[in-house]
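Structure, as structure tokens:
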Amino acid sequence: DICTVLGTADLGTIKGVIDVANKYGKEAQVDLINVTDKAARTQEAVKLGAHIIGVHTGLDQQAAGGTPFTDLALIAGLKTGVKISVAGGVKASTTKQVKDAGADIIVAGAAIYGAADPAASAAEITALAH
14 DICTVLGTAD LGTIKGVIDV ANKYGKEAQV DLINVTDKAA RTQEAVKLGA
64 HIIGVHTGLD QQAAGGTPFT DLALIAGLKT GVKISVAGGV KASTTKQVKD
114 AGADIIVAGA AIYGAADPAA SAAEITALAH
């Protein structure tokens, strides 16, 4: 069980989410979508006790050609010891690349819900991720 808080939120809000997750034995993810200084916010979130840092490329960013790979390399390069999730533009053809680049959790959305056979797409991505 994971609760996500936007990385653009106030540090007090992020800490509150982490504290509640800890209280109930769950995990808190800090989602970096639209965070300007992703490295700094990651370091702050880790200091507060975040369990997962979410690298997230939004649909608007994807439409403009954005991918999660540059941000993933940046966050993985910090070597914080915290799990990294990746969302945004993940599909079967990029799953291995995302995994190899340091993602611990791979989130696929449109590649599944937009597929002709969502169950088959989900199964393929899951198999590639493991």
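So the sequence shown is numbered by my numbering: it starts at 14 and just counts up by one. Ideal placement from N, C-alpha and C gives every residue a C-beta, glycine not left out. For clarity, every value in this text was computed on a predicted model and none was experimentally measured.
1) Residues in the same chain with beta-carbon distance under 7 Å from K96, minus the five sequence neighbours each way, listed in chain order, please.
2) What did DSSP end up calling I65 once you bin it into helix, strand or coil?
3) Is the beta carbon of T17 less than 8 Å from the beta carbon of D44?
4) Just to check my reading of the structure: A105 and I138 have Cβ atoms closer than 8 Å, yes? What is that Cβ distance to the nearest angstrom?
5) Using the rule of at least 16 other Cβ atoms within 10 Å of the residue's Cβ for burial, across every protein chain shown, is A77 buried or exposed?
6) Excluding the 5 residues flanking P131 on each side, which residues of the same chain have their C-beta closer than 6 Å to its C-beta?
7) Which ranges does the alpha helix (DSSP H) cover as unbroken runs of at least 4 residues, wholly within the segment 78 to 131, from first to last along the chain?
8) Among the residues of its own chain, which have a CB less than 7 Å from the CB of V120, if the five just before and after it don't count?
9) I believe T172 touches V59 by the beta-carbon criterion, under 8 Å. Please report the beta-carbon distance rounded to the nearest angstrom.
10) In angstroms with no decimal places, state the Cα-to-Cα distance between T108 and F82.
11) According to DSSP, simplified to helix, strand and coil, what is I45?
12) Hey, could you find the ends of the alpha helix (DSSP H) T26 is sitting in?
So, from the data block:
1) Apart from sequence neighbours up to five positions away, the residues of its chain that approach K96 with a beta-carbon distance below 7 Å are H64, I65, D117 and I118, ordered along the chain.
2) Strand.
3) Going by C-beta atoms, T17 is nearer than 8 Å to D44.
4) That belief holds up - the Cβ atoms of A105 and I138 are roughly 5 Å apart, short of 8 Å.
5) It is exposed - the Cβ of A77 has fewer than 16 other Cβ atoms within 10 Å.
6) Cβ contact annotation for P131 (same chain, cutoff 6 Å, sequence separation greater than five): I125, in chain order.
7) Runs of the alpha helix (DSSP H) lying entirely within the segment 78 to 131 and spanning at least 4 residues, in chain order: 82 to 90, 105 to 113 and 123 to 126.
8) Result list for V120: S98, V99, A100 and V103, in chain order.
9) Residue 172 lies beyond the stretch modelled for the chain, which goes from 14 to 143, so this question has no answer here.
10) Distance between the alpha carbons of T108 and F82: 11 Å.
11) In the sequence as presented, Ile is not what sits at residue 45; that position holds Leu. Coil.
12) Run containing T26: L24 to K36, per the alpha helix (DSSP H) assignment.
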